[in-house]
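Since the structure comes first, as structure tokens, the remarks are kept for the end.
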Amino acid sequence: MTKVLIVKNEDKRIYYIKRYLSRFIQIEEIIDELQLFYELQNQNYDCIVLPIRGIKSNRIVDGTSISLTDNYLRMAKNKTIYTGLINKELVSKCNENKIRLVTYLNEDTAIKNNYLTTEGIVEAIVNNSDKGIYKSNILIIGYGKLGSICAKILKKFKSKITIACRHEKDSLHAKISDFNVVNYTQLISVINNFDFIINTVPFPILNHSIIKKIENLEILIIDVSSKPYGLDHEYAKSCSLNTLLLPGLPGKTAPRTAGELIGEFIYQDICGGEV
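For reference, each letter of the sequence shown is one residue, going 0 to 274 in numbering that gives the first Met the number 0.
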């Protein structure tokens, strides 16, 4: 019978990944390094599931004190490691040890998660503003998968959507979808026209000059990007702006659904075919 080692942290999605997979295969939850060593040494497993954010630059598994050392990776030779985010060092070490490294944040899962993220954005607006989405002016920074899904859903609320993006391809696609479009250099001239600003780009597009221009205005800024984020949130708060930093929204607002989506992908990859 297939056996999977799941490294646990405080992310609720891990709990639901484990619960989903346990319906089909044997699960061993790893909570410390000693337990990991014991399971790796016994070799009685098929794959390892790491948390969504994978490992840090120092090889520590995110949200744990477990270090994924060279010795542990040698012990995992010819096995499979599933993780969310992947860094170059992990790719290199897995290649050295003939470990199959698979991200469960593939395109299909990412698209589904972007709908969950958009649900979380709507919830954040409802709970943190006295303005409605209906007929509001919304700026969405970035027009990747998340930005495009978010824009299309929020447009259903009859809001006026403006997209800020850098690439000509994204600008063209946004215009085809009938959104207003500005580039990043134009932001400072239009930034005070919005009720809500949603950032999806992990780069400080909203610099101090832009933030200063909207100082004290009743604009809710929701940043769902990862580090280094889309703006300096401390500086924005010093300018009396209402900002929310909400990376990894599905893990906060819909951990069960997000975890089950990941669990489904892992099961299909292990066993093949549909569930």
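No residue lacks a Cβ here, since even glycine has one placed at the ideal position from N, Cα and C. This structure is a prediction, so every number in the text was calculated from the model and none was measured.
Which term fits residue i, buried or exposed, when burial requires 16 or more other beta carbons within 10 angstroms of its beta carbon?
{"i": "C270", "result": "exposed"}
{"i": "P227", "result": "exposed"}
{"i": "K87", "result": "exposed"}
{"i": "I110", "result": "exposed"}
{"i": "L33", "result": "exposed"}
{"i": "V3", "result": "buried"}
{"i": "T79", "result": "buried"}
{"i": "S147", "result": "buried"}
{"i": "Y71", "result": "buried"}
What does a CB cutoff of less than 8 angstroms around residue i pick up in its chain, not counting 5 residues either side in sequence?
{"i": "C149", "result": "N113, T116, T117, I120, I139, I197, T199"}
{"i": "K55", "result": "D61"}
{"i": "V90", "result": "L100"}
{"i": "R73", "result": "N96"}
For residue i, tell me which candidate among the options has the shortest Cα-Cα distance.
{"i": "L243", "options": "E214, F195, L104, I213", "result": "F195"}
{"i": "G62", "options": "T68, R52, S56, Y71", "result": "R52"}
{"i": "E263", "options": "K78, V48, K212", "result": "V48"}
{"i": "S158", "options": "V181, Q42, P201, G131", "result": "G131"}
{"i": "D128", "options": "L240, I261, P249", "result": "Here the sequence assigns Ser to residue 128, which means Asp is not the residue at that position. Among L240, I261, P249, the Cα nearest to that of S128 belongs to L240."}
{"i": "T102", "options": "I137, C46, K76", "result": "C46"}
{"i": "I59", "options": "K7, Q185, E28", "result": "K7"}
{"i": "D31", "options": "L67, N206, K134", "result": "L67"}
{"i": "C164", "options": "L153, E9, L186, I152", "result": "L186"}
Excluding the 5 residues flanking residue i on each side, which residues of the same chain have their C-beta closer than 7 angstroms to its C-beta?
{"i": "A123", "result": "I221, L243, L245"}
{"i": "K236", "result": "T242"}
If contacts are defined as beta-carbon pairs under 8 angstroms, then residue i and residue j qualify, I think. What distance do you get, rounded to the angstrom?
{"i": "I26", "j": "I5", "result": "6 angstroms"}
{"i": "V189", "j": "V181", "result": "6 angstroms"}
{"i": "E265", "j": "Y15", "result": "Glu is not the amino acid found at residue 265; the sequence shown has Ile there. Wrong, their Cβ atoms sit about 12 angstroms apart, outside the cutoff."}
So, for residue i: in the same chain, excluding its five sequence neighbours on each side, which residues have a beta-carbon less than 6 angstroms away from its beta-carbon?
{"i": "G141", "result": "T199, V200"}
Problem set entry | Segment contact flag, the region 83–96 with the region 115–133, C-beta cutoff 8 angstroms, min 3 pairs | no
Exercise. Should the region 230–238 be called in touch with the region 6–26, which here means at least 3 C-beta pairs below 8 angstroms?
Worked result: no
Exercise. Between the region 208–222 and the region 186–195, are three or more C-beta pairs nearer than 8 angstroms?
Worked result: yes
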